[in-house]
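Protein chains in written order, with the numbering used here: chain A, 707 to 912; chain B, 707 to 912.
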């Protein structure tokens with residue numbers, strides 16, 4: 707995750723700011739401050755102002771931030787002022803939960819393609835989509851210019867699936883399988899593994 | 707996440723190291739190096755050695771690390787050389803997937819209690835467990851000394867559920883609901899929100 711001047715850890719905080727702003731916006735709130743945002747997120751207000759300063763001015767000293775403007779700016783920076791089609795691979799428990807999850811659409815993403823290896827699943831409908839054979843993935847994602855994939859396949863199959871994604875031109879992978887994926891340098895991977903999150907917290911427990 | 711001299715970001719990398727070591731161990735590999743580990747994880751070998759140096763010596767210069775020893779040390783540091791009982795709240799799609807997930811047990815955790823608010827679900831079995839009324843949560847988790855909770859409730863209910871967890875003495879929460887939780891300072895929260903992970907990657911896409 708190099709090749710930019712802004713530290714990745716700053717980029718990683720922007721979606722968290724955006725999520726908090728969205729919650730405020732749904733209650734009708736119009737203005738916030740780095741102080742209020744910091745309180746809600748457990749981040750210092752100085753850190754928040756420093757993070758924002760990478761991208762120019764988002765508000766005037768002392769008057770706070772206009773929430774809708776700040777949301778627009780963050781969406782533009784994160785390139786989610788559009789809707790990205792996403793390929794989902796692996797229609798087990800997690801995959802099914804992801805298809806039914808209604809939190810993607812308003813936040814920049816839409817599951818556009820679903821794949822599995824199981825002959826009994828291929829061709830079956832799930833939501834509005836038909837499950838396709840993962841062997842066809844490279845051609846299909848390239849044809850439809852899908853740059854993002856979510857891998858919900860078993861650990862054993864995940865690397866093979868990742869290779870197919872890369873072959874099809876996918877540039878960003880969200881991996882639910884509990885293994886680290888080997889991908890070329892220009893492909894971004896994020897991991898969702900509940901156990902690593904739990905293990906990080908037990909360190910602090912008595 | 708303060709009150710310790712070791713930066714939280716270092717602690718956050720230890721579970722990732724441990725996961726990579728476990729994959730190596732399953733193939734029968736006995737020795738690794740900071741160089742090999744770094745290659746697999748996309749982290750510099752210098753960073754890995756620096757992270758380990760916070761905890762003393764894990765290997766000798768030039769001979770690499772004995773994988774089983776390193777695993778034991780990391781498990782001890784992360785306090786997962788034992789099995790933590792976990793309370794799961796919200797038996798929807800995500801909750802059901804978590805109950806069926808077989809990746810907890812060997813990695814330090816066991817779902818010991820499941821809760822929901824839905825009268826139709828309360829009392830029903832799921833896996834080896836019976837779904838309990840979330841209203842009873844504070845008493846039950848305190849009685850059984852459960853310090854860890856996973857919240858898979860809808861966004862609207864998540865803060866109320868978190869409050870009940872805190873009331874019962876829970877010290878660590880893994881939150882699947884797409885909102886930030888307000889908790890006392892001595893309670894740790896980690897978030898699993900696929901959208902924030904996706905949004906962090908789109909920044910880098912063309």
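Ideal Cβ placement from N, Cα and C applies to all residues, glycine included.
> Of the choices B:722, B:773, B:781 and B:817, whose alpha-carbon is the least far from that of residue 733 of chain B?
Replying inline: B:773
> Should the region 712-721 of chain B be called in touch with the region 825-843 of chain B, which here means at least 3 C-beta pairs below 8 Å?
Replying inline: no
>> Can you give me the C-alpha to C-alpha distance between residue 907 of chain B and residue 828 of chain A, rounded to a whole angstrom?
In response: 29 Å
> Taking DSSP as the reference, what is the three-state secondary structure of residue 847 of chain B?
Replying inline: helix
> What residues of chain B sit near residue 816 of chain A, judged by a beta carbon separation below 8 Å?
Replying inline: By Cβ distance, chain B contributes nothing, its closest Cβ being about 11 Å from residue 816 of chain A, past 8 Å.
>> What does the Cβ neighbour count give for residue 748 of chain B, buried or exposed, with the cut at 16 atoms within 10 Å?
In response: exposed
> Which one or two residues does DSSP pair with residue 778 of chain A in a beta bridge?
Replying inline: Partner(s): none; residue 778 of chain A has no beta bridge.
> So residue 815 of chain A packs on residue 800 of chain B, CB below 8 Å; how close in whole Å?
Replying inline: The Cβ separation is near 17 Å, so there is no contact.
> With a CB to CB cut of under 8 Å and the five nearest residues on each side skipped, what residues in its chain are close to residue 913 of chain A?
Replying inline: Residue coverage of chain A in this structure runs from 707 to 912, which leaves residue 913 of chain A outside it and unanswerable.
> At least one CB of chain B closer than 8 Å to the CB of residue 768 of chain A: is that the case?
Replying inline: no
>> If you follow the alpha helix (DSSP H) that residue 868 of chain B is in, where does it begin and where does it stop?
In response: 861-873
> Which residue comes first and which comes last in the beta strand (DSSP E) that contains residue 897 of chain A?
Replying inline: 894-897
> Exposed or buried, what is residue 746 of chain A when buried is set at 16 or more other beta-carbons lying within 10 Å of its beta-carbon?
Replying inline: buried
>> So that I know if they touch, is there some Cβ in chain B lying closer than 8 Å to that of residue 877 of chain A?
In response: yes
>> One question on the structure: do residue 857 of chain B and residue 820 of chain B come within less than 8 Å of each other, judged by their Cβ atoms?
In response: no
> Candidates B:894, B:903, B:764 and B:910: which alpha carbon is nearest residue 910 of chain A's?
Replying inline: B:894
> If you run the structure through DSSP and keep just helix, strand and coil, what is residue 764 of chain B?
Replying inline: coil
> In chain B, which residues lie with their C-beta within 9 Å of the C-beta of residue 758 of chain A?
Replying inline: Within 9 Å Cβ-Cβ: nothing; residue 758 of chain A doesn't reach chain B, min ~15 Å.
> In terms of alpha-carbon separation, which member of B:712, B:848, B:845 and B:802 lies closest to residue 762 of chain B?
Replying inline: B:712
>> Using the Cβ count rule (16 or more neighbours within 10 Å means buried), how would you classify residue 750 of chain A?
In response: exposed
> For residue 686 of chain A, which beta-bridge partners are listed by DSSP?
Replying inline: Here chain A covers residues 707 to 912 and nothing more, so residue 686 of chain A does not appear.
>> Can you tell me whether residue 881 of chain A is buried or exposed? The criterion is at least 16 other CB atoms within 10 Å of its CB, across all chains shown.
In response: buried
>> Cutting at 7 Å between CB atoms, please list the residues of its own chain near residue 755 of chain B, excluding the five before and the five after it.
In response: 740
>> Report the CB separation of residue 784 of chain B from residue 905 of chain A in whole angstroms; it is logged as a contact under 8 Å.
In response: 5 Å
> Does any C-beta atom of chain B lie closer than 8 Å to the C-beta of residue 886 of chain A?
Replying inline: yes
>> Please classify residue 886 of chain A as buried or exposed, where buried requires at least 16 neighbouring CB atoms within 10 angstroms.
In response: buried
> Which value, in whole angstroms, describes the spacing of the CA atoms of residue 723 of chain A and residue 743 of chain A?
Replying inline: 8 Å
>> Can you confirm whether residue 777 of chain A, when its beta carbon is compared against all beta carbons of chain B, has any partner nearer than 8 Å?
In response: no
> Should residue 725 of chain A go down as buried or exposed, given a rule of 16 or more other Cβ atoms within 10 Å for buried?
Replying inline: buried
> Given that a residue counts as buried once 16 or more other Cβ atoms are within 10 Å of its Cβ, and exposed if not, what is residue 884 of chain A?
Replying inline: buried
> Under a three-way DSSP split, which group does residue 716 of chain B fall into?
Replying inline: helix
> If residue 843 of chain A sits next to residue 874 of chain A, beta carbons under 8 Å apart, how far is it from one beta carbon to the other, in whole angstroms?
Replying inline: 6 Å
>> Please return the same chain residues whose Cβ sits closer than 8 Å to the Cβ of residue 848 of chain A, not counting the five positions on each side in sequence.
In response: 874 and 875
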